[in-house]
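Asks:
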Amino acid sequence: MNSSPTSALAGSLANSSLPRRAGDPPTHQATHAAPRAGTQLREHVAHALHQGERVWQETNCYVDLWIELLHGFGLDPRAALAFTVTQDFEGDQFTFFKFPLDDLERLYGTKVQELAIYDSLEERVLAQTLRGHTVLVEVDGYYLPDTRATSYRREHPKTTIGIDFVDTAARRLGYFHNTGYHQLEGDDYDGVFRKLPHFTGQPDLLFPYVEFAKQARPALEGTALAEASAELLCAHLERRPLSNPISQWRAAFPAHLDTLFERDEAYFHLYSFNLMRQLGANFEFLSKYLQWLCAQGFEMPPTIPAAAQRIASESMVMQFRLIRALARGRRDSCEDCFDVLESAYEQTLPPLAALVR
453 MNSSPTSALA
463 GSLANSSLPR
473 RAGDPPTHQA
483 THAAPRAGTQ
493 LREHVAHALH
503 QGERVWQETN
513 CYVDLWIELL
523 HGFGLDPRAA
533 LAFTVTQDFE
543 GDQFTFFKFP
553 LDDLERLYGT
563 KVQELAIYDS
573 LEERVLAQTL
583 RGHTVLVEVD
593 GYYLPDTRAT
603 SYRREHPKTT
613 IGIDFVDTAA
623 RRLGYFHNTG
633 YHQLEGDDYD
643 GVFRKLPHFT
653 GQPDLLFPYV
663 EFAKQARPAL
673 EGTALAEASA
683 ELLCAHLERR
693 PLSNPISQWR
703 AAFPAHLDTL
713 FERDEAYFHL
723 YSFNLMRQLG
733 ANFEFLSKYL
743 QWLCAQGFEM
753 PPTIPAAAQR
763 IASESMVMQF
773 RLIRALARGR
783 RDSCEDCFDV
793 LESAYEQTLP
803 PLAALVR
């Protein structure tokens with residue numbers, strides 16, 4: 453075993469058949485000056501992770517938000533995706549994967565803290581945006597116009613947005629949500645900040661959980677960023693599941709299938725989001741991350757990121773299989789899908805972990 457586990461990946465990959473070339477720094481997305489938060493609505497183009505050919509266009513509100521938020525800061529979020537190796541099966545769902553806050557601070561100098569809301573949500577958010585910080589708030593998706601195709605003015609899902617601009621006079625704000633940057637105003641503004649008349653009659657209504665992100669120090673760049681990311685991968689591999697989580701899901705699936713046939717279509721969408729989408733999207737990001745590491749000069753067998761991507765695509769296949777099975781009223785145990793998923797997992801995590809031994 454290498455003397456330093458946290459640097460073992462860098463050492464094993466750098467000493468492989470295609471080491472980093474002398475004098476050739478890793479590829480790096482340049483840091484661009486972003487508009488100071490709180491002073492103006494920004495112009496924003498989605499990060500490459502949210503463009504082009506992807507199996508899972510959206511993952512979960514927290515990860516998608518952070519990808520665009522880091523991108524909005526002029527940073528490359530791919531460096532922070534090492535944590536995806538830790539996803540596990542939790543009995544009735546796969547881990548709702550999220551960027552570890554310690555990783556964000558180490559790589560980018562981005563510090564995230566809880567924001568106390570002691571009187572007015574609007575006033576506390578405004579105070580932080582005027583300091584150039586971005587405020588992460590759990591809000592009611594009913595008031596978010598970017599969800600026009602799903603929940604806007606129809607349903608009340610809880611979701612997280614990142615607010616970086618507030619204009620109290622115009623009742624307007626700018627916010628990161630899902631795969632982009634948006635704005636809202638008027639009654640939607642009052643709804644997000646709980647200023648509509650029906651909120652005043654609820655004295656027992658709790659304030660939402662709120663955090664704010666600030667740049668505490670300069671972000672790592674170039675070689676330093678790549679090395680720190682590889683070290684984080686080594687640390688997260690030590691925290692990976694002890695057994696194949698897809699095998700655990702397979703064992704539980706017959707009971708899950710019974711429930712799917714007992715419940716309605718709305719339940720299937722919830723099940724699919726928490727099982728197939730979280731699994732597939734997590735491993736699609738792992739595949740993208742490993743490709744990014746290779747672009748930084750680290751060498752690994754191409755079969756590893758390819759196997760991770762296979763989990764992403766087969767999860768989507770299984771989702772469509774279940775849709776058809778439920779529509780026809782015929783049970784489908786998806787045995788061949790599980791065969792592919794289990795095998796792909798064994799071709800991803802064990803060989804990746806072997807690189808640091």
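If you use our numbering, the sequence shown corresponds to residues 453 to 809, in order.
Ideal Cβ positions, reconstructed from N, Cα and C, are used throughout, including at glycine.
Predicted model only: the values in this text are computed from it and were never measured.
Under three-state DSSP, which class holds Q743?
Replies: Counting from 1 along the sequence shown, the entry for residue 743 is found at position 291. Helix at Q743.
Asks: DSSP three-state label for Q492, please.
Replies: For the purposes of this step, residue 492 is identified with residue 40 of the sequence shown, where counting begins at 1. Coil at Q492, not helix or strand.
Asks: On a Cα-Cα basis, can you pick out the residue from D540, L672, L578, D544 that is closest to L694?
Replies: In the sequence shown, counting from the first residue as 1, residue 694 sits at position 242. When only C-alpha atoms are compared, the closest one is D540.
Asks: Alpha carbon to alpha carbon, how far is I569 from L804? Give it in angstroms, no decimals.
Replies: As a position in the sequence shown, residue 804 is number 352, starting the count at 1. As a position in the sequence shown, residue 569 is number 117, starting the count at 1. L804 and I569: Cα-Cα distance of roughly 43 Å.
Asks: Have a look at T538 and T652 and give me their C-alpha separation to the nearest angstrom.
Replies: Reading the sequence shown from its first residue, position 86 is the one you call residue 538. Reading the sequence shown from its first residue, position 200 is the one you call residue 652. Taking the straight line from one Cα to the other gives about 43 Å.
Asks: For V618 versus T562, is the C-beta distance shorter than 9 Å?
Replies: In the sequence shown, counting from the first residue as 1, residue 618 sits at position 166. In the sequence shown, counting from the first residue as 1, residue 562 sits at position 110. No, they are not a contact pair.
Asks: DSSP puts R417 in a beta bridge; with which residues?
Replies: Because the chain is modelled from 453 through 809, residue 417 falls outside the range shown and cannot be assessed.
Asks: Touching or not, the region 764 to 772 and the region 716 to 733, by the rule of three or more beta carbon pairs under 8 Å?
Replies: With the cut-off at 8 Å, the region 764 to 772 and the region 716 to 733 touch.
Asks: Between which two residues does the alpha helix (DSSP H) harbouring D810 extend?
Replies: As displayed, the chain neither begins before 453 nor continues past 809, which places residue 810 out of reach and without an answer.
Asks: Applying the 10 Å Cβ sphere with the 16-neighbour rule, what's the burial state of F772?
Replies: Here residue 772 is taken as the residue at index 320 of the sequence shown, counted from 1. Flag for F772 reads exposed.
Asks: Output the distance between the C-alpha atoms of V662 and V497, rounded to the nearest integer angstrom.
Replies: As a position in the sequence shown, residue 662 is number 210, starting the count at 1. As a position in the sequence shown, residue 497 is number 45, starting the count at 1. Approximately 25 Å, taken between the alpha carbons.
Asks: Near E557, what residues of its chain come up, given a Cβ to Cβ distance below 6 Å and the 5 sequence neighbours on each side ignored?
Replies: Start at 1 with the first residue of the sequence shown, and residue 557 comes out as number 105. Taken in chain order, the residues that qualify are K563.
Asks: Would you report the Cα separation of L712 and L778, rounded to the nearest angstrom?
Replies: In the sequence shown, counting from the first residue as 1, residue 712 sits at position 260. In the sequence shown, counting from the first residue as 1, residue 778 sits at position 326. Taking the straight line from one Cα to the other gives about 8 Å.
Asks: Alpha carbon to alpha carbon, what distance is there between T536 and T800?
Replies: Within the sequence shown, the letter at position 348 stands for residue 800. Within the sequence shown, the letter at position 84 stands for residue 536. Taking the straight line joining both Cα atoms gives about 12 Å.
Asks: Determine whether the beta carbon atoms of D616 and G504 lie at a separation below 9 Å.
Replies: Taking the sequence shown and counting its residues from 1, the one referred to as residue 616 is at position 164. Taking the sequence shown and counting its residues from 1, the one referred to as residue 504 is at position 52. Taking 9 Å as the Cβ cut-off, D616 and G504 do not qualify as a contacting pair.
Asks: Give the DSSP-derived three-state secondary structure of G813 in the structure shown.
Replies: Past the edges of the chain, shown from 453 to 809, lies residue 813, and the structure says nothing about it.
Asks: Any contact between the region 737 to 754 and the region 777 to 791? By contact I mean 3 or more CB pairs, one from each, below 8 Å.
Replies: Flag = no, the region 737 to 754 and the region 777 to 791 do not touch.
Asks: Mapping the DSSP letters down to three states, classify Q667 as helix, strand or coil.
Replies: Counted from its first residue, the sequence shown places residue 667 at position 215. Looking at Q667 - three-state DSSP - the assignment turns out to be strand.
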